[in-house]
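Student: Oh and the sequence shown: position 110 is 109 in numbering that gives the first Met the number 0, straight run, nothing missing.
Glycine included, every Cβ here is placed at the ideal spot set by N, Cα and C.
One structure coming up, written as structure tokens, with questions to follow.
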Amino acid sequence: MWVQNGLRQDYLMGLGLNTDFEGAKIALYLGDDLVVILRDDIDGLPFPGFWDLPGGGREGDETPKACVQRECFEELGLVLTDADFRWGRSFDTNGVVHWFFVGHLPAGCAGEIVFGDEGQRWAIMPEQTFIAHAKAVPMFQDRLRLYLAERLPRPRF
Numbered sequence: 000m001w002v003q004n005g006l007r008q009d010y011l012m013g014l015g016l017n018t019d020f021e022g023a024k025i026a027l028y029l030g031d032d033l034v035v036i037l038r039d040d041i042d043g044l045p046f047p048g049f050w051d052l053p054g055g056g057r058e059g060d061e062t063p064k065a066c067v068q069r070e071c072f073e074e075l076g077l078v079l080t081d082a083d084f085r086w087g088r089s090f091d092t093n094g095v096v097h098w099f100f101v102g103h104l105p106a107g108c109a110g111e112i113v114f115g116d117e118g119q120r121w122a123i124m125p126e127q128t129f130i131a132h133a134k135a136v137p138m139f140q141d142r143l144r145l146y147l148a149e150r151l152p153r154p155r156f
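Dropping the structure here:
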């Protein structure tokens, strides 16, 4: 992968290309910690009662970035701008593509959260706690580990 203006090529692809994908998630940092959502504890729901990251399924012809921006607003009431995104990559699992992004907002944005109607509650969690948590969605733990191994220096707010 090449880097342009400090952003990975695969990240740049997620911004505007309307590729075939099912959905998008974001590891959203508020300051140094992640905002996470406790999934509903409903039979039939994948990973019921697990800690999850903001995001969800694609609607219409959304781009990967537009999908995660909409989901963040619906789930947390937070508006993400282009400048808030730091990393992204598509993941193909058995022919189904999902995008995973990383974004950063100032810690003070926690006071702006308006929790939506999906999930039991939200919380602020250190990245290492999420990675090690027995009840965090495993694939997102793995994707966050990948980001941490590859990340460019992140800003301090």
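Helix, strand or coil for Pro63, going by three-state DSSP, please let me know.
Tutor: helix
Student: Going by DSSP in three states, Leu158 sits in which element: helix, strand or coil?
Tutor: There is no way to answer for residue 158, as the model of the chain reaches only from 0 to 156.
Student: Which class does Ile123 belong to by DSSP, given the choice of helix, strand or coil?
Tutor: strand
Student: For the beta strand (DSSP E) that contains Arg38, what are its first and last residues?
Tutor: Annotation: Arg38 is outside any beta strand (DSSP E) and is labelled neither H nor E by DSSP.
Student: Tell me which residue opens and which closes the alpha helix (DSSP H) that Leu139 is part of.
Tutor: The question names Leu, yet the displayed sequence has Phe at residue 139. Its alpha helix (DSSP H) spans residues 137 to 149.
Student: Could you tell me whether the Cβ atoms of Phe99 and Arg142 are closer together than 7 Å?
Tutor: Cβ atoms of Phe99 and Arg142: closer than 7 Å.
Student: Alpha carbon to alpha carbon, what distance is there between Ile130 and Arg144?
Tutor: CA-to-CA, the gap between Arg144 and Ile130 works out to about 7 Å.
Student: Whose C-alpha, out of Tyr146, Gly94, Gly115, Asp40, is nearest the C-alpha of Pro53?
Tutor: Gly115
Student: For the region 49 to 123, list the beta strand (DSSP E) runs that are entirely contained and at least 3 residues long, ordered along the chain.
Tutor: As far as the region 49 to 123 is concerned, its whole beta strand (DSSP E) runs of at least 3 residues are 54 to 56, 84 to 92, 95 to 104.
Student: For Lys24, list the residues DSSP reports as bridge partners.
Tutor: Gly54, Phe99
Student: How big is the Cα-Cα spacing for Glu21 and Gly94?
Tutor: 10 Å
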